[in-house]
Amino acid sequence: MRILDRYIAKSVLTIFFSCIFLFLFLYIVIDMLSHLEEILKHRVDFLTLMQYYLANLPLMFVQIAPFACLLSTLYTFGRLNHNNEIIAMRASGLSIFWITKTAIVFGFIISLGVFLVNDRIVPDATAFIQKIKARMEGSAKTGRDRKLDPIDNLSIYGLKNRLFFVNKFIPETNTMEGIIVLEHDQQQNITRKIVANKGVYEKNAWKFYQCITYNFDANGQIMQEPNYNEEEIMIIPETPQDFLSQRQRPEQMNIAQLDEYIWKLSLSRATTVIRNLKVELYQRFTWPFSSLIIILLGIPFALIMHRRATGLSSIGVSIMVGFLYYILDAVSIAVGKGGLLNPVLAASLSHIVAFFSAIYLINNLP
452 MRILDRYIAK SVLTIFFSCI FLFLFLYIVI DMLSHLEEIL KHRVDFLTLM QYYLANLPLM
512 FVQIAPFACL LSTLYTFGRL NHNNEIIAMR ASGLSIFWIT KTAIVFGFII SLGVFLVNDR
572 IVPDATAFIQ KIKARMEGSA KTGRDRKLDP IDNLSIYGLK NRLFFVNKFI PETNTMEGII
632 VLEHDQQQNI TRKIVANKGV YEKNAWKFYQ CITYNFDANG QIMQEPNYNE EEIMIIPETP
692 QDFLSQRQRP EQMNIAQLDE YIWKLSLSRA TTVIRNLKVE LYQRFTWPFS SLIIILLGIP
752 FALIMHRRAT GLSSIGVSIM VGFLYYILDA VSIAVGKGGL LNPVLAASLS HIVAFFSAIY
812 LINNLP
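The opening position of the sequence shown corresponds to residue 452 in the numbering used here, with each subsequent residue numbered one higher.
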């Protein structure tokens, strides 16, 4: 590695990890102070608190890494520009790419790290956080005192290779609305589909209302006429408690699990839920590379800053650039989930716009 590359890498790494540690520290302090009353009320012990915040670290790292990359890039190259070192480098024949390649490579490495952490660690950490929260709340509340809110878009894998999809599950009354049950064979071919308007758990059994049953052959074609019943007692071993304990949460799945979940759910033709899950799946691939793209976006802004307060300038510009980038990403995701954009385009639109904007600004630097 050349002396220049080491010089730039040292600055980028120092600012990046300083930002990471500072943001994590501030998050823990602010979150702890904001929930101090609940912590004292529930008498949460120190070990539980430590487990809770340690489990939050991977999720926080994924969220703040792009902003830390942007801030380290703006500060590093803004300072070099302020000290006229960029002019000296350009005068020696170095291009913008060669000057900034160390930061770009660093952004690519961080993006890969974020991708791995987000796929391998965050899902398990999210599930662990939910367990700790339940334990913390349970220390002050009994099961009867804790109100169970209705659950939308509930789905679980049941016994006998069944997939349940429920539009709304009301634990207080043991009632399901908008029910689709898919039964599969060992090769995951659908053999039976049950659609019901409503289901109520009474006397240790599920009673479905306005129930239609479809039977499928080996080729996936419907056999004979569908069977309709106004009321029907279903032979389903799953209880309401099973639906609560086994529900599938996309945020607790890795990419492979989410992809398989979408494939199985696609058989239910729940188009809105499937579309939303596809946007989230593709976002798992595109979001980690925000660190690399936001570094590219920060380079031209860093090289045109001429004010003396380089540190304050970098913070201000990073907030502005990061805010616009996140707003565009949030809008494209919302539009994609609304069905106005293809899921792939919705998950990547903000990154495409930011990437080509960065290339355009870099090419037009003096």
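For glycine and all other residues, C-beta sits at the position ideal for the given N, C-alpha and C. Only a predicted model underlies this, so the values are computations on that prediction, with no experimental measurement involved.
Only buried fits G773, as 16 or more other CB atoms lie within 10 angstroms of its CB. S742 sits away from P601, with the two beta carbons spaced by 8 Å or more. The C-beta distance from I466 to Y526 rounds to 5 Å, short enough to fall under 8 Å. Assigned with DSSP and collapsed to three states, P691 falls in helix. Annotated as distal: P701 and L695, with beta-carbon spacing of 8 Å or more. If the five residues before and after L792 are omitted, its C-beta is found closer than 6 Å to the C-beta atoms of V786, all from its own chain and listed in chain order. Across the set P574, I755, G767, the C-alpha of P574 shows the shortest separation from the C-alpha of A707. Per DSSP, F476 has no beta-bridge partner at all. Residue burial annotation: A554 is buried, with at least 16 other C-beta atoms found within 10 angstroms of its C-beta.
The shortest CA-to-CA distance from E628 to any of I471, F512, V651 is the one to V651. Taking one beta carbon from each stretch, the stretch 471-489 and the stretch 532-543 have fewer than 3 pairs nearer than 8 Å; the two do not touch. With a cutoff of 8 Å on beta-carbon distance, L610 and P688 are scored as near each other. Scanning the stretch 638-676 from its first residue to its last, the whole beta strand (DSSP E) runs of 3-plus residues come out as 641-653, 656-667. A straight line joining the alpha-carbon of T737 with that of I750 spans about 20 Å. When the beta-carbon positions are compared, P622 and P691 come within less than 8 Å of each other. With respect to V804, L775 sits apart: the two C-beta atoms are not nearer than 8 Å. For the pair of segments examined, the stretch 506-515 was found not to touch the stretch 728-735: the number of CB pairs separated by less than 8 Å stays below three. Annotated three-state conformation of L732 is helix, per DSSP.
Within the DSSP bridge table, the entry for S606 names F616 as partners. At least 8 Å separates the beta-carbon of M674 from that of N680. Taken through DSSP and simplified to helix, strand or coil, E711 comes out as helix.
Ranking P817, S606, S543, Q581 by CA distance to the CA of T499 puts Q581 first. Close CB contacts of E682 within its chain, under the 7 Å cut and outside five residues either way in sequence, are with K658, Y660 (chain order). According to DSSP, M685 shares a beta bridge with W657.
Counting C-beta atoms within 10 angstroms of its own C-beta, K644 has 16 or more neighbours from the protein chains shown and is therefore classed as buried. Taken in chain order, the whole alpha helix (DSSP H) runs of length 4 or more contained in the stretch 490-542 are 497-533, 536-542.
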